[in-house]
Every structure is written in C-alpha cells, then in structure tokens.
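Residue numbers for the sequence shown follow UniProt numbering, beginning at 1 and rising by one. No residue lacks a Cβ here, since even glycine has one placed at the ideal position from N, Cα and C.
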Amino acid sequence: MRKNDVYEILQEVNYSLDFISKQYGKAQKEKETKEIVKVKVKATLENLRSCLDYCIHDIDECILRGKRKILYFPYSDTKEDFEKKIKKSFPTLRNKNERIYGILESVQDFNNIENSWLSTLCGKTNTVKHNGLLKQKRQDNFNVKIPGVYEGTNSSVTFVGCTVVKEGKSIPLDLSIDTYGNMTSQGPIDSRLSVEKIDWVTFTIEGMDEDLLDFLTRCYNEIQEMVTKIYTEIEE
Numbered sequence: 001m002r003k004n005d006v007y008e009i010l011q012e013v014n015y016s017l018d019f020i021s022k023q024y025g026k027a028q029k030e031k032e033t034k035e036i037v038k039v040k041v042k043a044t045l046e047n048l049r050s051c052l053d054y055c056i057h058d059i060d061e062c063i064l065r066g067k068r069k070i071l072y073f074p075y076s077d078t079k080e081d082f083e084k085k086i087k088k089s090f091p092t093l094r095n096k097n098e099r100i101y102g103i104l105e106s107v108q109d110f111n112n113i114e115n116s117w118l119s120t121l122c123g124k125t126n127t128v129k130h131n132g133l134l135k136q137k138r139q140d141n142f143n144v145k146i147p148g149v150y151e152g153t154n155s156s157v158t159f160v161g162c163t164v165v166k167e168g169k170s171i172p173l174d175l176s177i178d179t180y181g182n183m184t185s186q187g188p189i190d191s192r193l194s195v196e197k198i199d200w201v202t203f204t205i206e207g208m209d210e211d212l213l214d215f216l217t218r219c220y221n222e223i224q225e226m227v228t229k230i231y232t233e234i235e236e
C-alpha cells in the first residue's frame, strides 16, 4: 500500500507551500518581480496529482483486488460523466465499498460548484507536465481602513472638507488615496484619526482568478482530508 508514500509527498507539498509563501514576501518588496518559482509550482502540482493517483491505485488493489499498472484518479465536471468513468474503470467499486465511492464523488467539481478545484488541478498538472511552465500575472493589492468611516480594497477615494466625530470631538478628514494605494494630504493627518493600510501581492495563472498560493493550499487541504478518509476505509 502507498499510504506512507502519499503522506510523505503531502509533507513535501507542505514544505513547498511554505517556501512559495516566503517568495511572495520577497516579491512584495521587489516590485520588478513579475513571476515566482515556476518550477516549484510545477513540482507542487505534480506532487498533489501523484497523491490522487497513488490513492486510486490502492483502492484498485485493496478494495477491488486489481493489479492494473496504469490508473488515473477519476474527475469530471458532471455527475453523469463521473458515473460513466467509474462504470468503465471501476465497475464494481460502488458495490464493494459505497463509502469510498461517496468520497470520490464528494470531491468532484459538480459537488463543489462554488469552490471546485479537482479538474483545475488535474488540467494544470497536465499542462506543466507536457506543454510548459504556467505563466503568472502579478497583482499588487492594498486595503485601507478608516474605522467607522471607510474601508476599500484596490480602490481610490478622496475626502475633502470632511469631519469625523470621535468620542464627541470633531476630527478633520482631508486626504486622497489613489489606485496604487498612495496616500496624500495637503496637511498633516490628525493624530487622532486612525488610518490602517495593508499591502500584499498575489499571483494568478491563465484561466484562474484565484491567487495561485491560495489555490495550491486549498488543493493540499482537500487532498489531505480526502486521503485520510479513504485510507481509514481501506484499513477497516
């Protein structure tokens, strides 16, 4: 059984996510950095996919008593197509162990419409394995918060001749924030006025709006949860 291999790979993925996260921190300070550790991203995608395929091999061998050398984790956008794939490649699975069938079905995109990840992971892994590294797009982000007055992300705002009442006292508010997060004021900002600004950077890849690191982390968490359930069933 490949259980130990799967968890060893997941541990490596965890290390990789930590490394990628640190590169985000560096990139935030280095504005000229447009892409980060693309080879590490490739390896992380492939490692996550390997966990899926190792797991399906163990299902085949331990539950279905098969000995097939080539197997791939089933994924589909629709329930109908998923059932066809299972019927073709694992026709006796549902009868042999309905709980494992249910686990495989639960992670499919059609059961996670708002937070799908499986088809994207498998598709992007195929891309980096056969076609090339994934090109990235950098986005510099900021959030400005003036408690009780304003909060905005990646947006400009101007306050002219405004007044904020705090603890019964009037505080003048005259400042501008441009689309890059730069804050300007004709005079000094009143020290009684709390202005909180947070900066961060994100990287996305073609076909995805979600931040790359957020996506990889989500895949890691989903797969870790799934394989734990599957191996619990296999070992019963």
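Residues bridged to residue i (per DSSP)
i	result
residue 164	171
residue 138	203
Buried versus exposed, by CB contacts within 10 Å (16 or more), residue i
i	result
residue 133	exposed
residue 2	buried
residue 108	buried
residue 74	buried
residue 58	buried
residue 162	exposed
Whole-angstrom C-beta distance between residue j and residue i, which should lie under 8 Å
i	j	result
residue 146	residue 194	7 Å
residue 92	residue 64	6 Å
residue 149	residue 42	No, residue 149 and residue 42 are not in contact; Cβ-Cβ is about 45 Å, not under 8 Å.
residue 48	residue 60	20 Å between Cβ atoms; not a contact.
residue 157	residue 177	5 Å
residue 212	residue 205	6 Å
Distance CB(residue i)-CB(residue j) smaller than 8 Å
i	j	result
residue 203	residue 136	yes
residue 17	residue 220	yes
residue 51	residue 6	yes
residue 141	residue 131	no
residue 40	residue 20	yes
residue 37	residue 23	yes
residue 160	residue 152	no
Beta carbon proximity, residue i to chain B, threshold 8 Å
i	result
residue 118	Given the protein chain composition of this structure (a single chain), no chain B is represented.
May I ask you to verify whether the region 229-236 touches the region 99-116, counting CB pairs closer than 8 Å and requiring at least 3?
The answer is yes - the region 99-116 touches the region 229-236, with three or more Cβ pairs under 8 Å.
At least 3 beta-carbon pairs within less than 8 Å: the region 83-90 vs the region 168-178:
Result no; under three Cβ-Cβ pairs closer than 8 Å.
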